[in-house]
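As structure tokens, then:
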């Protein structure tokens with residue numbers, strides 16, 4: 008009996024199904040760690056979660072398990088390189104999570120996972136602890152049922168993805184010095200959404216991103232609004248005017264040069280997106296917003312995937328508020344970019360626009376916090392075919408090929424630096440509440456996702 012025999016795949020599938028309670032137990036244990044990389048108070052929590060993961064990887068039988076120091080949180084790595092001639096697959100996931108926000112926004116404690124019917128609630132259930140757990144369960148099922156894997160494997164679990172993966176991006180900053188643990192023939196990432204609970208998606212493209220902070224400064228200190236109101240510049244009002252100047256009234260970005268590198272979609276591409284993507288009501292349903300808004304001439308799905316955008320994600324001022332004129336005001340901007348748009352070029356265009364609209368009574372500056380390039384999947388690869396066959400066996404249908412509006416800095420940087428093809432195959436749902444209160448995971452997709460990973464590893468092993 009050869010490794011590539013369907014009998015061995017069946018054995019791994021049977022083992023994974025028998026271990027579903029243990030897989031759920033592992034996920035619940037991981038969710039209890041409040042691994043918020045954006046908040047310094049959780050550094051110890053991140054370290055403890057990394058150590059827990061490393062212990063589980065060692066117990067699974069993986070080699071070279073390492074908890075690597077990071078700028079904020081560790082990177083956990085492991086490998087299994089015992090299949091000569093087979094492809095080397097890199098599986099990437101992240102164990103850090105977004106801040107939970109106000110406790111009163113949650114029906115339950117965000118870091119005490121709660122099972123309610125087919126859903127598991129808690130911060131990180133869908134983004135991304137639940138999704139990468141499917142891969143861990145698949146690897147463990149192969150090793151414990153057959154003693155081997157169909158592919159060679161490198162595993163990378165990032166503790167800093169939600170803050171831009173600074174440690175891993177530094178490792179990828181020079182293509183001549185990329186460490187071995189990041190080198191592979193192909194990469195698989197599960198950190199995105201399906202079309203619905205029955206329809207998997209293979210992501211064809213990710214938007215790039217530019218995170219920036221616009222700061223406006225006026226007087227040296229806060230001033231009494233009664234004593235000085237009407238006689239001094241107001242940074243908060245100027246900030247509002249500057250932010251408003253970034254868009255026309257119809258929602259199109261008004262920054263000169265912003266669209267210069269943006270390619271218009273073809274009629275064929277637009278028909279495919281309309282056929283396979285969500286309608287506006289479907290896309291907006293989880294938001295509670297009845298009517299969408301944005302660049303005219305494009306559907307809601309097109310606006311969030313194949314078109315660039317400038318989004319205001321935060322507004323803050325100094326001082327106590329109420330009767331004081333703030334000395335400083337700031338806006339957080341999330342700029343989403345499409346293929347051929349360069350973050351540095353867009354940042355220069357933004358600075359020029361804002362400088363032209365800043366009155367001499369105040370000063371302004373745009374600080375770039377982080378950026379990453381867009382990513383596009385190369386068409387016609389053997390990896391795409393393998394994903395199609397794996398999803399057909401696990402879900403009963405091949406995945407639809409759709410772009411995603413999100414950004415994963417590690418993915419686009421790995422592809423740009425190493426030329427690695429990345430397969431983005433996620434098991435979340437559009438209404439999981441990623442980055443929102445009451446985040447949840449549809450557990451049947453955790454189990455079908457595990458089966459898909461088992462089948463995918465077998466398919467990729469056959470291609471070697």
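Residue numbers (my numbering): 8 to 471. Every residue, glycine too, gets a C-beta built ideally from N, C-alpha and C. Computed from a prediction, not measured in an experiment: that's the story for all the values here.
Could you give the residue range of the alpha helix (DSSP H) that holds residue 137?
-> Taking the chain shown and counting its residues from 1, one reaches residue 137 at position 130. That run of the alpha helix (DSSP H) goes 136-153.
Where does residue 383 fall in DSSP's three states?
-> The residue labelled residue 383 in the question sits at position 376 within the chain shown. In the structure shown, residue 383 sits in a strand (DSSP, three-state: E or B).
Quickly, what does DSSP pair residue 103 with across the bridge? List them, please.
-> Sequence index remark: in the chain shown, residue 103 carries index 96 (1-based). Bridge partners of residue 103: none, in fact.
Cβ atoms of residue 83 and residue 175: under 9 Å apart, would you say?
-> To locate residue 175, count along the chain shown from 1; it is residue 168. To locate residue 83, count along the chain shown from 1; it is residue 76. No, Cβ-Cβ distance for residue 175 and residue 83 is not below 9 Å.
Rounded to whole angstroms, what's the CA-CA distance from residue 156 to residue 346? Just pull it up for me.
-> Along the chain shown, one-based indexing puts residue 156 at 149. Along the chain shown, one-based indexing puts residue 346 at 339. Straight-line Cα distance between these residues: approximately 36 Å.
Residues of its chain near residue 362, where Cβ-Cβ distance is below 8 Å and the 5 sequence neighbours each way are ignored | For the purposes of this step, residue 362 is identified with residue 355 of the chain shown, where counting begins at 1. Around residue 362: 371.
Can we say the stretch 194-213 touches the stretch 422-434, given the rule of at least three CB pairs closer than 8 Å?
-> yes
Bridge partners of residue 215, per DSSP?
-> Locating residue 215 in the chain shown gives position 208, counting from the first residue. Partner(s): 344.
For residue 269, I'd like the list of residues in its chain whose CB is within less than 8 Å of its CB, leaving aside the five on either flank, ordered along the chain.
-> On the chain shown, position 262 is the one that residue 269 refers to. The residues are 314, 315, 345, 347, 348.
Report yes if the CB atom of residue 34 is closer than 9 Å to the CB atom of residue 127, and no otherwise.
-> Indexing the chain shown from 1 puts residue 34 at position 27. Indexing the chain shown from 1 puts residue 127 at position 120. Yes. Within cutoff.
Residue 251 burial status per 10 Å Cβ neighbour count (16 or more: buried) | In the chain shown, the residue the question calls residue 251 occupies position 244. Exposed.
On the DSSP bridge assignment, give the partners of residue 371 in chain order.
-> Residue numbering aside, residue 371 sits at position 364 when the chain shown is read from its first letter. DSSP, once it has assigned bridges, lists 223 as partnering residue 371.
For residue 261, the nearest candidate out of 148, 359, 274 (CA to CA) = By 1-based counting over the chain shown, the position of residue 261 is 254. Answer by Cα proximity: 359.
Boundaries (first-last residue) of the alpha helix (DSSP H) holding residue 461 = As a first step, residue 461 is located in the chain shown; it is residue number 454 there, counting from the start. Segment 450-469, the alpha helix (DSSP H) holding residue 461.
When the distance is taken between beta carbons, is residue 45 closer than 9 Å to residue 444?
-> Taking the first residue of the chain shown as 1, we reach residue 444 at position 437. Taking the first residue of the chain shown as 1, we reach residue 45 at position 38. No, they are not a contact pair.
Nearest to residue 21 by alpha carbon, out of 151, 133, 114?
-> Here the question's residue 21 lines up with position 14 in the chain shown. The shortest Cα separation from residue 21 among 151, 133, 114 belongs to 151.
Going by other Cβ atoms of all chains shown within 10 Å of its Cβ, with 16 needed for buried, is residue 73 buried or exposed?
-> Taking the first residue of the chain shown as 1, we reach residue 73 at position 66. Exposed: under 16 other Cβ atoms inside 10 Å.
What first and last residue would you give for the beta strand (DSSP E) that runs through residue 86?
-> Indexing the chain shown from 1 puts residue 86 at position 79. It spans 82-87 - the beta strand (DSSP E) in which residue 86 sits, taken as one unbroken run.
Would you say the stretch 266-285 touches the stretch 180-190, given that touching needs at least three Cβ pairs under 8 Å?
-> no
Do you know whose CA, among 43, 149, 63, 49, lies nearest residue 36's CA?
-> Counted from its first residue, the chain shown places residue 36 at position 29. Per the Cα distances, 63.
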